[in-house]
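In what follows, a structure is listed as structure tokens, so that the remarks can point back to it.
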Amino acid sequence: MITGPDRPLFIPVILGTPRRGRMSEHAADLMHTEIAKRPGVTTELIDVAKLPIPIDDAGESAKDVTFSEKVSFADALVIVAPEYNHGYPGLLKHVLDTNLKEYIHKAVGIVGVSAGVFGGARVIQNLIPVMRELGLVTIFWDVNFTTVQTRFDESGTLVDESFLPRIAKFLDELVWMAETLRYGRSNVQIGGAS
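Okay, so the sequence shown: first residue is 39 according to the numbering used here, each after it adds one.
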């Protein structure tokens, strides 16, 4: 990874479900592709299903060093999560909880995925307080893949291009927030001199 103050922004995409046949994988691939097109930004797709995080321990005791290093180096995160019964996947929460200080004052954008018409709005709604507690700063724009099974073909290609302007707006905000927060982490001290 390139280091230094002028390095490109690093914005990984976290695919937040381990289920087989997951349609959210298509959404995560699309987000990863669109971020990679941005000048001055690098990205990586992180699949929670492939992380070697134990499920018989919790918190930082279960931390995976590689995942932790990526999150620590990241300037922002994109979380792609399907809605599970009005909530979020348990494994995603478990994985997120393995880090704490690595998230502080970093931007996060959430992409909701659902087979229904609400497009993961409830997973986004339920993840926002979690993001805040972790120290992440949520952007005000989301992407919601409603009836996801109709938005991609069998190979994972987007068939509804009306999502592209929404994704562009989401990424514009995320990149702006990532740049702003990176500047703040480097140049602005918390608390003033008394």
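Even glycine gets a Cβ: it sits at the ideal position worked out from N, Cα and C.
For I205, name the three-state secondary structure that DSSP assigns.
In the sequence shown, counting from the first residue as 1, residue 205 sits at position 167. Residue state, collapsed to three classes: helix.
Classify T136: buried if its beta carbon has 16 or more other beta carbons within 10 angstroms, exposed otherwise.
Stepping through the sequence shown from its first residue, residue 136 is reached at position 98. Looking at its Cβ environment, which holds 16 or more other Cβ atoms inside 10 Å, T136 is buried.
C-alpha gap between F178 and A206, whole angstroms:
Numbered from 1 along the sequence shown, position 140 holds the residue referred to as residue 178. Numbered from 1 along the sequence shown, position 168 holds the residue referred to as residue 206. So the two alpha carbons sit approximately 14 Å from each other.
Going straight from the alpha carbon of S106 to that of F183, what length do you get?
As a first step, residue 106 must be located in the sequence shown, where it is residue number 68. As a first step, residue 183 must be located in the sequence shown, where it is residue number 145. Pairing S106 with F183, the inter-Cα distance amounts to about 28 Å.
What whole-angstrom Cβ distance do G194 and P127 have, given they're in contact under 8 Å?
Position 156 of the sequence shown, counting from 1, holds the residue named residue 194. Position 89 of the sequence shown, counting from 1, holds the residue named residue 127. With 8 Å as the limit, G194 and P127 do not qualify as a contact, their Cβ atoms being about 20 Å apart.
Uninterrupted beta strand (DSSP E) stretches inside the segment 50-130 (no shorter than 3 residues):
51-53, 83-85, 114-120
Determine the closest residue to P56 out of V86, R76, A153, V79, with distance taken between C-alpha atoms.
By one-based count along the sequence shown, residue 56 stands at place 18. Minimum Cα-Cα distance from P56 among the listed residues V86, R76, A153, V79 corresponds to V86.
Please identify the residue among E98, R45, D180 whose C-alpha is closest to the C-alpha of A145.
Translated into positions along the sequence shown, residue 145 becomes position 107. For the residues E98, R45, D180, the minimum Cα distance to A145 belongs to D180.
What is the DSSP secondary structure of L138, reduced to helix, strand or coil?
By 1-based counting over the sequence shown, the position of residue 138 is 100. Coil.
Identity of the residues DSSP links to I148 by a beta bridge:
Start at 1 with the first residue of the sequence shown, and residue 148 comes out as number 110. Note: I148 sits in a beta bridge opposite I117.
Starting from V168, trace the alpha helix (DSSP H) both ways and give me its first and last residue.
Here residue 168 refers to the residue found at position 130 when the sequence shown is read from its first residue. V168 -> alpha helix (DSSP H) spans 159-172.
Starting from the C-beta of L129, find all residues in its chain whose C-beta is less than 6 Å away, skip the five residues before and the five after it, and write them out in chain order.
Sequence index remark: in the sequence shown, residue 129 carries index 91 (1-based). Same-chain partners within the cutoff: P56, V86.
Would you tell me roughly how many angstroms separate the C-alpha atoms of L174 and N225, rounded to the nearest one?
Walking along the sequence shown from the start, residue 174 turns up at place 136. Walking along the sequence shown from the start, residue 225 turns up at place 187. When rounded, the distance between both Cα atoms is 18 Å.
Looking at C-alpha atoms only, which residue of G158, A112, P120, V168 is the closest neighbour of A219?
Start at 1 with the first residue of the sequence shown, and residue 219 comes out as number 181. The question names Ala, but residue 219 in the sequence shown is Leu. Of the candidates G158, A112, P120, V168, the one whose C-alpha sits nearest the C-alpha of L219 is A112.
When you compare only the Cα positions, how much space is there between P90 and D102?
On the sequence shown, residue 90 is found 52 positions in, with the first residue counted as 1. On the sequence shown, residue 102 is found 64 positions in, with the first residue counted as 1. Straight-line Cα distance between these residues: approximately 7 Å.
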